[in-house]
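What follows is a single structure, written as structure tokens, with notes after it.
Protein chains in written order, with this note's numbering: chain X, 2 to 275; chain W, 48 to 257; chain E, 5 to 212.
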């Protein structure tokens with residue numbers, strides 16, 4: 002009888018996954034989220050930055066990772082604006098600049114922050130790591146003189162103030178990354194040679210591969226996946242979509258594990274019989 | 048509550064979401080149609096974006112207005128790549144390619160060692176000192192993991208019955224744990240992406256989430 | 005002219021970066037500042053490369069009435085229609101942004117979310133305790149999967165700590181070895197390119 006556990010139709014798994022996730026969204030159980038040390042370190046580092054210092058936000062993500070990374074950007078902006086930091090954003094990924102525009106609008110309104118004076122969206126520039134490194138020499142030249150919307154950078158207060166991606170102008174870097182080009186480019190071409198401290202906010206799938214840089218202290222903390230965003234939301238006291246997704250993420254994961262157990266019970270029973 | 052399911056923006060989003068999800072039942076013409084449409088839109092997006100973020104300002108502002116005529120050289124260099132589509136002259140496309148590849152290689156050689164070194168020397172720290180017993184134990188375990196996993200990647204060394212062989216055997220277990228962690232993280236990541244879509248369908252579109 | 009000059013160009017452009025980064029005189033010369041900009045300008049003008057290829061392939065499908073050719077028509081219509089729109093009003097323009105937010109975003113994020121189902125069913129069918137290695141892999145995966153979601157700690161207090169330990173110690177060790185290996189590989193490839201041993205970008209046989 003247990004052997005049949007090996008051959009459950011995939012469509013049953015699909016339907017159950019949809020049901021479990023929907024149910025957990027409709028009737029949340031409110032599983033407690035513990036704040037981990039990596040997110041804590043990142044929060045504390047940003048929290049300690051003096052008002053008016055410049056936070057460089059790398060937007061190296063695409064719309065495809067919306068569920069995990071939009072909450073990260075929103076909560077980072079919330080924290081930065083609450084602490085009166087200036088935010089300069091730059092994207093090596095095509096969607097990054099536009100995503101920043103979408104996400105900054107509600108937070109800027111909440112804290113009454115102005116485009117050009119409190120935040121600046123350099124936006125997407127082609128060329129990946131070379132574009133990033135060119136920002137170290139001169140942001141205006143590297144960006145062809147314009148922001149995400151084609152407006153001259155020189156016309157804005159922040160554009161005039163932040164001339165280079167060096168430690169004279171930028172206090173801290175957070176790269177929100179979904180892959181390459183991304184955090185390792187910041188590490189190789191900016192953070193290490195220019196000695197600007199950085200942290201990273203990556204999709205959950207990248208967390209294991211980024212851990213060595215956390216251990217070595219090359220990252221001042223890491224926000225990993227939706228869980229990381231939820232932890233940050235708790236610390237920043239700005240609950241958003243990350244916290245509300247925790248239950249359904251948990252139950253979805255539990256369902257997958259349950260099916261892995263089913264498969265193995267079936268496998269072991271059939272092997273025992275042979 | 049109070050969402051309008053006929054709101055054009057959300058309705059369009061919901062149709063897109065559901066159309067892609069039909070693939071779960073089976074591969075079907077609707078899915079193929081949407082998939083091809085997305086590819087077209089995505090490439091088109093990159094045209095508009097690059098045009099306004101780089102091409103136009105370079106030509107209009109830098110070259111025409113400011114008279115930085117030296118930029119004509121990279122413009123021409125970039126355009127040479129299209130000779131790729133002219134069979135008899137496709138060797139001309141090698142010029143921009145050579146520049147990009149060589150420059151990229153130079154970048155790796157010039158910058159990578161700086162960020163790689165901390166990876167190596169941070170493997171050796173915390174063996175002794177003020178850290179707790181547990182921290183020291185973890186530091187030793189980390190050291191063993193790195194060294195044995197590296198030994199596993201020595202494909203050019205004879206391993207049978209040698210110390211390297213023993214280390215490599217241990218390293219294989221380390222790699223298995225790392226890959227397991229990576230797989231677990233991937234599953235959680237993908238589930239989260241779907242949770243995001245359900246939040247959209249149930250919350251933004253149908254308005255039945257609190 | 006056809007092989008030698010591009011080869012020299014490859015070597016020289018690579019050497020410029022190294023010279024500018026490692027030598028005091030190189031830093032003062034500022035050659036890299038100029039070439040960085042040249043790289044960015046030249047590569048932005050090559051943006052149509054992939055698109056020309058895409059159009060060629062799909063135009064071929066339509067002409068030969070290959071099965072599903074109407075999909076290619078949709079692709080080209082979207083490509084040219086949206087391309088013209090975004091050039092005309094930028095991607096942040098009202099209609100262009102509407103399409104981005106309500107068609108591209110939900111479509112693309114659902115495409116990525118689909119994998120959740122395939123990965124769940126693949127984990128169920130393929131994850132068996134057949135060998136010792138497979139068992140270790142499976143156990144590590146399950147601990148991390150449940151430990152990084154809040155449910156791990158809700159089931160057994162301390163589960164999350166075990167998951168964190170796996171990520172911090174053996175996982176860090178394994179991935180550090182991979183990082184070091186990959187860096188050495190990239191470094192060697194960089195050297196081979198600058199020594200003229202790697203020639204895939206010049207067409208022909210590739211390596212020597």
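No residue lacks a Cβ here, since even glycine has one placed at the ideal position from N, Cα and C.
In this text, all values refer to a predicted model and were calculated from it rather than measured experimentally.
Check each candidate in the options and name the one with the smallest Cα separation from residue i.
i	options	result
residue 214 of chain W	W:192, W:227 and W:129	W:192
residue 179 of chain E	X:95, X:200, X:214 and X:188	X:214
residue 25 of chain X	W:58, W:245 and W:101	W:245
residue 175 of chain X	X:53, X:208, X:265 and X:89	X:89
residue 220 of chain X	X:145, X:252, X:184 and X:240	X:184
residue 158 of chain W	E:25, E:10, E:207 and E:14	E:25
residue 205 of chain X	X:55, X:196 and X:228	X:228
residue 254 of chain X	E:151, E:168 and E:198	E:151
residue 120 of chain W	E:111, E:176, E:183 and E:47	E:47
residue 262 of chain E	W:217, W:81 and W:168	Lying before the first or after the last residue shown, residue 262 of chain E is absent from chain E, which here runs from 5 to 212.
residue 263 of chain X	E:34, E:188, E:130 and E:202	E:130
residue 235 of chain X	X:178, X:35 and X:66	X:35
residue 159 of chain E	X:146, X:271, X:80 and X:32	X:32
residue 41 of chain E	X:130, X:55, X:37 and X:135	X:135
residue 53 of chain X	X:159, X:167, X:15 and X:223	X:159
residue 143 of chain X	E:15, E:13, E:20 and E:45	E:45
residue 1 of chain X	X:139, X:146 and X:161	Residue 1 of chain X is absent from the model: chain X starts at 2 and stops at 275.
On the DSSP bridge assignment, give the partners of residue i in chain order.
i	result
residue 92 of chain X	X:125
residue 201 of chain X	X:176 and X:223
residue 91 of chain E	Residue 91 of chain E pairs with nothing; no bridge assigned.
residue 61 of chain X	X:178
residue 120 of chain X	X:88 and X:116
residue 215 of chain X	Paired residues: none, contrary to the question.
residue 55 of chain X	X:87
residue 153 of chain X	X:147
Roughly how many angstroms separate the alpha carbons of residue i and residue j, rounded to a whole number?
i	j	result
residue 132 of chain X	residue 137 of chain E	43 Å
residue 288 of chain X	residue 49 of chain X	Nothing in the structure corresponds to residue 288 of chain X, since chain X is present only between 2 and 275.
residue 69 of chain X	residue 62 of chain X	10 Å
residue 148 of chain E	residue 155 of chain E	11 Å
residue 72 of chain X	residue 241 of chain X	7 Å
residue 7 of chain E	residue 151 of chain W	19 Å
residue 212 of chain E	residue 237 of chain W	Low confidence applies here, because residue 212 of chain E scores a pLDDT of 45, under 50, leaving its location unreliable; read the following figure in that light. Roughly 42 Å between the two C-alpha positions.
residue 106 of chain X	residue 149 of chain X	14 Å
residue 111 of chain W	residue 113 of chain E	41 Å
residue 129 of chain W	residue 249 of chain W	47 Å
residue 181 of chain X	residue 189 of chain X	13 Å
residue 37 of chain E	residue 91 of chain X	19 Å
residue 11 of chain E	residue 153 of chain W	14 Å
residue 194 of chain E	residue 233 of chain W	31 Å
residue 4 of chain X	residue 250 of chain X	29 Å
residue 52 of chain E	residue 144 of chain W	15 Å
residue 65 of chain E	residue 72 of chain E	8 Å
residue 48 of chain W	residue 21 of chain X	Because the pLDDT at residue 48 of chain W is just 43, under 50, the model does not fix this residue reliably, and the value given afterwards should be weighed accordingly. If I take the Cα positions, the gap works out to 21 Å.
Please compile the residues from chain W whose C-beta is within a distance smaller than 7 Å of the C-beta of residue i.
i	result
residue 67 of chain X	243
residue 161 of chain X	Those do not exist, as residue 161 of chain X stays about 17 Å from chain W at its closest Cβ, beyond 7 Å.
residue 182 of chain X	By Cβ distance, chain W contributes nothing, its closest Cβ being about 12 Å from residue 182 of chain X, past 7 Å.
What does residue i touch in chain E if you count any residue whose Cβ is under 9 Å from its own?
i	result
residue 143 of chain X	40, 41 and 44
So with CB distances below 8 Å, who are the chain W contacts of residue i?
i	result
residue 213 of chain X	166
residue 37 of chain E	What residue 37 of chain E touches in chain W: nothing, since even the nearest Cβ is about 12 Å away.
Using a Cβ cut-off of 8 Å, pull out every chain E residue sitting near residue i, in sequence order please.
i	result
residue 197 of chain W	181, 184 and 185
residue 21 of chain X	Per Cβ cutoff of 8 Å: no residues; residue 21 of chain X is ~11 Å from chain E at best.
residue 233 of chain W	123
In chain E, which residues lie with their C-beta within 7 Å of the C-beta of residue i?
i	result
residue 224 of chain W	140, 144, 170, 174, 175 and 178
residue 93 of chain W	51
So with CB distances below 9 Å, who are the chain X contacts of residue i?
i	result
residue 87 of chain E	Here the premise fails: no neighbours, minimum Cβ distance about 14 Å.
Check the Cβ of residue i against every Cβ in chain W and list those closer than 9 Å, keeping chain order.
i	result
residue 147 of chain X	99, 100, 101, 103, 104 and 108
Which bits of chain X does residue i rub up against, with CB to CB less than 8 Å?
i	result
residue 155 of chain E	32, 251, 252, 254 and 255
residue 52 of chain W	Those do not exist, as residue 52 of chain W stays about 16 Å from chain X at its closest Cβ, beyond 8 Å.
Taking a cut of 7 Å between CB atoms, which residues from the stretch 185 to 208 of chain X lie near chain W?
Correct list: 188, 189, 190, 193, 194, 204, 205, 206 and 208.
Residues in the stretch 34 to 47 of chain X having any Cβ partner in chain E nearer than 7 Å
So the close ones are 34, 35 and 37.
Taking beta-carbon pairs under 8 Å, can you tell me which members of the stretch 97 to 129 of chain W lie near chain X?
Against chain X - using a Cβ distance shorter than 8 Å - the residues of the stretch 97 to 129 of chain W are 97, 99, 100, 101, 103, 104, 105, 108 and 109.
Contact set between the stretch 127 to 138 of chain X and chain E, restricted to residues whose Cβ is under 7 Å from the partner
Cβ proximity to chain E below 7 Å picks out 127, 128, 131, 132, 134, 135 and 138 from the stretch 127 to 138 of chain X.
Short of 8 Å Cβ to Cβ, which residues in the stretch 172 to 188 of chain E face chain W?
172, 173, 174, 175, 176, 177, 178, 179, 180, 181, 182, 183, 184, 185 and 187: these are the residues of the stretch 172 to 188 of chain E whose beta carbon lies less than 8 Å from some beta carbon of chain W, given in chain order.
What residues in the stretch 233 to 246 of chain X have a beta carbon less than 8 Å from any beta carbon of chain E?
So nothing in the stretch comes that close.
Chain E contacts made by the stretch 257 to 269 of chain X, where a contact means CB separation under 8 Å:
Residues passing the 8 Å Cβ filter: 257, 258, 260, 261, 263, 264, 265, 268 and 269.
Contact set between the stretch 5 to 21 of chain X and chain W, restricted to residues whose Cβ is under 7 Å from the partner
Taking 7 Å as the Cβ-Cβ cut-off against chain W, the residues of the stretch 5 to 21 of chain X that qualify are 15.
Quick one, which residues of the stretch 98 to 124 of chain E are near chain W if we go by CB-CB under 9 Å, in chain order?
Hits within the stretch, in order: 100, 102, 103, 104, 105, 106, 107, 108, 109, 110, 111, 112, 113, 114, 115, 116, 117, 118, 119, 120, 121, 122, 123 and 124.
Interface positions of the stretch 83 to 100 of chain X facing chain W (Cβ-Cβ less than 9 Å), listed along the chain
Of all residues in the stretch 83 to 100 of chain X, the ones placed with a Cβ closer than 9 Å to any Cβ belonging to chain W are 95, 96, 98 and 99, in chain order.
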